[in-house]
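Numbering of the sequence shown is given in numbering that gives the first Met the number 0, commencing with residue 0 and proceeding in unit increments.
Backbone N, C-alpha and C fix where the C-beta goes; we use that ideal spot for every residue, glycine too.
Here's the structure, in structure tokens; my notes come after.
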Amino acid sequence: MLSQIKFQALTCKSIKLDLFDKLTEDRIVVKGHIKQCFEEQFENIQIADELRKALIMEDSEQYCVFNEADRQELLFRLFQILVLGGQLCQYEDDIQAYLDWTKYLYKNTVNARKYADKDEIYIDSYAYEIKKLENSYNSDHPQNVMYVVVNPSLRIVNIIENQWLKVW
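Here it is as structure tokens:
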């Protein structure tokens, strides 16, 4: 039985990928290509393009492309996991691969439904970020994440976990 758990509710409102249109509008992505920059390290994560800066580096100009509400959206969090990758990640130069995999992961994690009286789709899921789970899990690195997605109408719970492992 768990005696200690810390969590934060996330939003699950997105039904399209239009959250990421900002990347083109702010020229982080140009004609599908991710704009490159000089390489630097942040929390042992290799930052070699403007997209990674926008996702994780709070002191960069690009960080403000996404507001706090965007960053609390499960769709954004899944995108962030995929883009930042792991210690041995081979990054993509084109945005489409990240968008395709984010869409795939999101569609297979949340439950989309249609209102009975309207021709409108909504997400019938609740998402939570687990910050601490007793003595077994602690989010001490930006890529150490655990998300719990509850789909009440299907009676299904999905757990997404990513652990940053230092290889070198």
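- In the DSSP annotation of this structure, the continuous segment of the alpha helix (DSSP H) that includes Ala68 starts and ends at 67–70.
- For Asp93, the CB contacts under 8 Å within the same chain, skipping 5 residues up- and downstream, are Gly31, His32, Ile33 in chain order.
- Classified as exposed, Thr23 has fewer than 16 neighbouring CB atoms from the shown chains inside 10 Å of its CB.
- For Tyr127, no alpha helix (DSSP H) encloses it; the enclosing beta strand (DSSP E) starts and ends at 125–132.
- Judged by DSSP secondary structure, Gln79 falls within the alpha helix (DSSP H) whose first and last residues are 73–83.
- With at least 16 other beta carbons inside 10 angstroms of its own, Gln61 counts as buried.
- The beta-bridge partner set that DSSP reports for Ile155 consists of Asn150.
- Distances from the CA of Asn157 to each of Gln142, Tyr103, Asn107, Ala115 were compared; the closest alpha carbon is that of Asn107.
- Excluding sequence positions up to five before and after Leu16, its CB lies within less than 8 Å of the CB of Leu74, Leu98, Thr101, Lys102, all in the same chain and listed in chain order.
- By the criterion of a C-beta distance shorter than 6 Å, Ile80 is surrounded in its chain by Asn161, once the five residues flanking it on both sides are discounted.
- Nearest to Gly85 by C-alpha distance, out of Glu72, Glu57, Val144, is Val144.
- By alpha-carbon distance to Val109, the top candidate from Ile55, Ile155, Gln71, Gln95 is Ile155.
- When DSSP states are grouped into helix, strand and coil, Val109 belongs to the coil group.
- Going by DSSP, Lys165 is part of no alpha helix (DSSP H) at all; its letter is neither H nor E.
- Residue range 44–48 is occupied by the beta strand (DSSP E) that includes Ala47.
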